[in-house]
Amino acid sequence: MRVAVRYYSRGGNVKKLAEAIAKALGVEALTTDSPLTEDVDILFLGSSVYAYGVDDHVKDFVSNINVKVGKVVNVSTAALVKSTYKQVGKLLAEKNIPQAKEEFYCRGSFGPMHKGRPNENDLAAAADFAKKIVG
Ligand SMILES: Cc1cc2nc3c(=O)[nH]c(=O)nc-3n(C[C@H](O)[C@H](O)[C@H](O)COP(=O)(O)O)c2cc1C
């Protein structure tokens, strides 16, 4: 099973999730500035919500994918909304890249909101989630 982890994180919240997932799977978590260089079965893609949208880095990363990706597993944090699943799904659909039904989401700290999130429990849950997905 070829697995890759990519993320874009302004404040470090979804970076923590991506790194917990990568550690659990024995791979490296790289930012979306590192394009995929070989085909993968599963791509864990981490993103967060900024002013109701995902960052252009995530859009550019997806639109520049030119290898075969079996499926993308969405990983995200946000303070208010429920994940970036739909927004990332739209980007993937434009490239005919399948998006897994399963996703990992947790609250991310934002100013006084959700202090300390993702916390140790979130990171452990992300690691467990990733191991189940990869099987
Ligand atoms: C400029 C900015 C805009 C944000 N806008 C939203 C928003 O519209 N909806 C929301 O749920 N969270 C919003 N947030 C909160 C972030 O999604 C949350 O803090 C997230 O965990 C940040 O992830 P990161 O640390 O990986 O960048 C915003 C955060 C920032 C910094």
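According to this note's numbering, the sequence shown holds residues 689 to 823 in order. We put the CB at the ideal spot given by N, CA and C, even for glycine.
beta-carbon residue i near ligand 1 non-hydrogen atom, thresh 8 angstroms
| i | result |
| --- | --- |
| residue 733 | no |
| residue 701 | yes |
| residue 793 | no |
| residue 804 | no |
| residue 776 | no |
| residue 749 | no |
| residue 767 | yes |
| residue 697 | yes |
| residue 796 | yes |
CB of residue i within 9 angstroms of CB of residue j, strictly
| i | j | result |
| --- | --- | --- |
| residue 736 | residue 796 | yes |
| residue 742 | residue 779 | yes |
| residue 706 | residue 698 | no |
| residue 746 | residue 715 | no |
| residue 790 | residue 771 | no |
Euclidean distance between Cα positions of residue i and residue j
| i | j | result |
| --- | --- | --- |
| residue 724 | residue 799 | 33 angstroms |
| residue 731 | residue 805 | 23 angstroms |
| residue 760 | residue 818 | 12 angstroms |
| residue 775 | residue 823 | 26 angstroms |
| residue 807 | residue 813 | 10 angstroms |
| residue 784 | residue 794 | 27 angstroms |
| residue 749 | residue 802 | 28 angstroms |
| residue 816 | residue 782 | 30 angstroms |
| residue 701 | residue 809 | 14 angstroms |
Collapsed DSSP secondary structure at residue i in the structure displayed
| i | result |
| --- | --- |
| residue 712 | helix |
| residue 740 | coil |
| residue 677 | Residue coverage of the chain in this structure runs from 689 to 823, which leaves residue 677 outside it and unanswerable. |
| residue 773 | helix |
| residue 701 | helix |
| residue 751 | helix |
| residue 789 | strand |
| residue 780 | helix |
| residue 727 | coil |
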